[in-house]
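To start, the structure itself, in structure tokens.
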Amino acid sequence: MDEPHSSEGQAGPIPAAAGIGLRFPHHEHVLKARPAVAWFELHAENYLGGGRVRRTLEAVRRDYPVSLHGVGLSLGSAEGVDLAHLQRLKELVQTIEPGLVSEHLAWSVTGGHYLADLLPLPMTEEALELVCRHVQQAQEMLGRRLLLENPSTYIQFPHSSIPEWEFLDALARRTGCGILCDINNIFVSASNHGWDAGRYLDALPAEAIGEYHLAGHAVCTLASGRIVRIDNHGSRVAPPVWALYERALRRIGARPTLIEWDTDVPEFDVLLDEAAQAEAVLRTLESSRARAA
Amino acid sequence: MPALLELQRAFGGALLAGIPPDEPPSSAAAPPGGLAGIDAQLLDIYRNNCRTTLTAALALSFPAVRHLVGADFFETCARVFIPAHPPRRACLNDYGDEFPSFLAQYAPAAGVGYLHDVAMLEWAINRALHAPDVAPADIALLASIDAELVPALQFVPHPAVSVLHLAAPADVIWRAVLDEDDAAMAAIDLAAGPVWLLIERGAAGIEVRRIASGAARFTQRLCAGDSLQAALDGAAAGDALEAVLADHLASGRFTAWRVPPVQIPTGENRP
């Protein structure tokens, strides 16, 4: 990763390589230094307006493959999808033509209010039908396939009746959407709920998985003494998450892999270092798969 | 088993219910109806995420206000503001339009009389930063409009443009605070009288400029959708408003204009 990135248009499909989640503190550095990064992912909601922020996204898009990751569509809201928001997202997607567009298996809007977090859904047939309807609606409106990210959760609803991995599998089969397999989220949720993270991963349909996410999480002890893992994207990827990533690569294969860091965002070099580690794991596993084949 | 709609309403209500700042962060109270069986401490994680994200969004849009009152006081304000005015859209750059008026009513902040004005300015700056890109009106087309119709013209302002009338010199306070310029802060005369400010997005970034009261009132009325004639009414002779309008058009502060349909009596509706 020594060569600076060429300024020739690199826009296009997202390669099965390690990319970095681009956040505001690194905009200037990326525009000036054009570091060698295989691709960038940006949060769609931060770029819905115009001006300097939009110019930055356009400049990044000219030189790198770009994925747009939505955090506000609230596909799990019983009140339905905000069509005005979907329309703004459509305009952004049409202008930027990102290599991938993704969203979350979660909800954020109720009573007409946006609660600024990815909230957990009960895993029920009602929720599955509703999310399928909204994913289809969004895919039709955007005119393209979405990837849906598995959530990190702290709560399980007592009336949930479908295991999360089966929910995702059914969602992908019924709507044709892909799955954004967040390895850290699997580890966090599995730890919090006493699931087997490896079995969760093994149960996901490999052909539907279009991207991996890797991030750090925090470990908290509640007043009750209960230990909870919190998906804060505020540190390096934890060793058991790297191990789970290797397992994913072995079973599912190489996919675009993103390093995410949102809390106490470090120097860009730290992100490059994490991306290099992911890249090394990808290449090692890829060559061993090739040998095996 | 609650239906999804009921469960989400209960969950949202529990998140926004908020906790008064003097209580310990973990509420031991049982979750509200529809959330039976849910550990209240786990609900607190979501409540905390919600509040932290929204407080950070407000801090990003109101940096000078935060600096003036201090981070702790700002967080306390946010804890009261957020449950009363949760966002209505998923784009957090749009969140906080009600924050200036909230601050004006917020009793603990009453000691800082100019806080509302600084917040108004910061909100206009935030709007200018994130407004959509809209092409300016094509001035050449203006020549083709029948001279008789010109007084009735209504203009559409660029979404990045604001005109503010503020009692305090919010522009100099804002600059001194963000530059951490104590000397400039000490030199501010709060009794100097009201200011008119024009806020817009220029090629080099956000511009905040004082403008004369005549030009400002005229501009404000045009931005509000008044006809050119109505905006000119009551102007003083020395205001040179033709030049002001020409400057607005040349600077791309209007994106379109509208000629109201001429009322031609048809006789059908006459008594």
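Chain order of the listed sequences is W and V. Residues 1 to 293 in the numbering used here are what the first sequence spells out, letter by letter. Residues 1001 to 1271 in the numbering used here are what the second sequence spells out, letter by letter. Backbone N, C-alpha and C define an ideal beta-carbon position, used for all residues, glycine too.
Please report how far the alpha carbon of residue i lies from the alpha carbon of residue j, in whole angstroms.
i                : j                : result
G194 of chain W  : V101 of chain W  : 31 Å
L92 of chain W   : G50 of chain W   : 10 Å
L128 of chain W  : R1079 of chain V : 34 Å
P13 of chain W   : R62 of chain W   : 13 Å
N232 of chain W  : L258 of chain W  : 15 Å
I227 of chain W  : Q1041 of chain V : 11 Å
G225 of chain W  : D1039 of chain V : 13 Å
G1008 of chain V : P1002 of chain V : Note that residue 1008 of chain V is Gln in the sequence shown here, rather than Gly. Rounded to whole angstroms, Q1008 of chain V to P1002 of chain V spans 9 Å at the Cα level.
C1050 of chain V : A33 of chain W   : 35 Å
G234 of chain W  : R1210 of chain V : 43 Å
A278 of chain W  : A243 of chain W  : 11 Å
I20 of chain W   : A218 of chain W  : 20 Å
V1069 of chain V : A1240 of chain V : 41 Å
G1012 of chain V : D202 of chain W  : 34 Å
S77 of chain W   : L204 of chain W  : 24 Å
V1259 of chain V : L1141 of chain V : 12 Å
W1257 of chain V : L1153 of chain V : 7 Å
A1135 of chain V : F157 of chain W  : 50 Å
Y1106 of chain V : R1047 of chain V : 23 Å
C220 of chain W  : D196 of chain W  : 20 Å
T153 of chain W  : E164 of chain W  : 11 Å
L1249 of chain V : V1150 of chain V : 14 Å
I1145 of chain V : P1132 of chain V : 28 Å
Are residue i and residue j touching if we call contact CB-CB under 7 Å?
i                : j                : result
A1128 of chain V : A1160 of chain V : yes
V30 of chain W   : S74 of chain W   : no
F1074 of chain V : A1119 of chain V : no
P1087 of chain V : L1016 of chain V : no
P98 of chain W   : L68 of chain W   : yes
I155 of chain W  : L168 of chain W  : no
L1190 of chain V : A1168 of chain V : yes
V1163 of chain V : L1198 of chain V : yes
G216 of chain W  : V237 of chain W  : yes
Q137 of chain W  : V71 of chain W   : no
E45 of chain W   : C1091 of chain V : yes
R229 of chain W  : N192 of chain W  : yes
A1137 of chain V : T1255 of chain V : yes
L148 of chain W  : C181 of chain W  : no
L1043 of chain V : A1010 of chain V : no
L42 of chain W   : L22 of chain W   : yes
G1096 of chain V : L1060 of chain V : no
Which two residues bound the contiguous alpha helix (DSSP H) that contains residue i?
i                : result
E1075 of chain V : A1071 to A1084
S1213 of chain V : S1213 to C1223
D1182 of chain V : D1182 to A1186
I186 of chain W  : I183 to H193
F268 of chain W  : F268 to A292
V53 of chain W   : G51 to D63
H27 of chain W   : H27 to A33
What is the DSSP secondary structure of residue i, counted as helix, strand or coil?
i                : result
Q1105 of chain V : helix
L1197 of chain V : strand
Y212 of chain W  : strand
H1130 of chain V : helix
W1257 of chain V : strand
W1174 of chain V : helix
A1119 of chain V : helix
D117 of chain W  : strand
A1110 of chain V : coil
C220 of chain W  : strand
R1047 of chain V : helix
T110 of chain W  : strand
S160 of chain W  : coil
I96 of chain W   : helix
R1009 of chain V : helix
E207 of chain W  : helix
I1145 of chain V : coil
G76 of chain W   : coil
R236 of chain W  : coil
G1202 of chain V : strand
H104 of chain W  : strand
Identify the continuous beta strand (DSSP E) that holds residue i and give its terminal residues.
i                : result
F40 of chain W   : F40 to H43
A18 of chain W   : A18 to G21
L1166 of chain V : S1162 to L1166
R133 of chain W  : Taken as a continuous stretch (DSSP letters only), R133 of chain W belongs to no beta strand (DSSP E), being part of the alpha helix (DSSP H) at E125 to L142.
Taking 6 Å as the cut-off, does the CB of residue i come closer than this to any heavy atom belonging to the ligand SAM?
i                : result
C1077 of chain V : The ligand SAM is absent from the structure shown, which contains no ligands of any kind.
Discussion item. Using 8 Å as the cut-off, can you tell me whether the stretch 1177–1185 of chain V makes contact with the stretch 1211–1224 of chain V, which would need three or more C-beta pairs spanning the two stretches below that distance?
Written reply: No contact exists between the stretch 1177–1185 of chain V and the stretch 1211–1224 of chain V.
Discussion item. When you compare the stretch 281–292 of chain W with the stretch 244–260 of chain W, are there three or more beta-carbon pairs, one atom per stretch, that lie closer than 8 Å?
Written reply: They touch, by the three-pair rule.
Fill in: Sufficient close CB pairs (3 or more, under 8 Å) joining the stretch 52–59 of chain W to the stretch 70–89 of chain W
At 8 Å Cβ cutoff, the stretches do not touch.
Worksheet item: Is there contact here, the stretch 112–128 of chain W with the stretch 1085–1101 of chain V, by at least three beta-carbon pairs under 8 Å?
Response: Counting C-beta pairs with one atom in each stretch, the stretch 112–128 of chain W and the stretch 1085–1101 of chain V have three or more that are closer than 8 Å, which means they touch.
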